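Here's the structure, in structure tokens; my notes come after.
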Amino acid sequence: MRIHLGTDHAGLEFNKTLATHLTEAGHEVVDHGPTEYDALDDYPSFCINAAHAVVVDQRAGVEALGVVFGGSGNGEQIAANKVEGIRAVLVWNESTALLARQHNDANVISIGARQHTEDEAIRFVDLFIAEPFSGEERHARRIAQLAEYETTGLIAGKQIDA
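Each position in the sequence shown, counted from 1, maps to that position plus 44 in the numbering used here.
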């Protein structure tokens, strides 16, 4: 599987560790930066580039997911979710990593690099990558509603007070 990575200075060291781990596990890793430490760098472009690459790959039939991280993971998740077609989730334990894939067919995981040990974060990523979407009708229906709203601003048959 192709895994796209994006971070900022807070996750730079973990990024290197994770890239090595994923490569050794047989994944193709694409690092969207940064490549060097800059305490004043900004995460949005790195995370948006990683998320955009996931969408491009998935639409081309390439099996791909993304991993974004920073100090808390919150801003990185927000940035990734600005890309049409991305369902990025903030993961903080094993259960949220599994449910993100099972119920939401999430395609980007966001983790707070300052919130977890490297071993914990790697475990969350491994679980996320390995877990398939359940395909249950109720989950597929909800994901379709999110995609519909994302592209049209509406959800057919539902009241949207925008």
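Think of the CB as a built atom: it goes at the ideal place given N, C-alpha and C, for glycine as much as any other residue. Keep in mind the model is a prediction, meaning the values are calculated, not measured.
**Request:** State the Cα-Cα distance for the pair N151 and P78, rounded to the nearest angstrom.
**Result:** 21 Å
**Asked** Going straight from the alpha carbon of V133 to that of A94, what length do you get?
**Response** 14 Å
**Message:** Comparing C-alpha positions only, which one of A174, H147, E120, V112 sits nearest to L62?
**Reply:** V112
**Asked** Looking only at its own chain, which residues have a Cβ that is under 8 Å from the Cβ of I47, when we skip the five neighbours before and after it?
**Response** L66, H71, E72, V73, V74, A108, L109, G110, V111, I173
**As assigned by DSSP and simplified to three states, the class of S139** = helix
**Distance between beta carbons of S154 and E120, contact taken as under 8 Å** = 5 Å
**Asked** beta strand (DSSP E) containing L134: first to last residue?
**Response** 132-134
**Prompt:** Cβ of F58 within 8 Å of Cβ of A157?
**Reply:** yes
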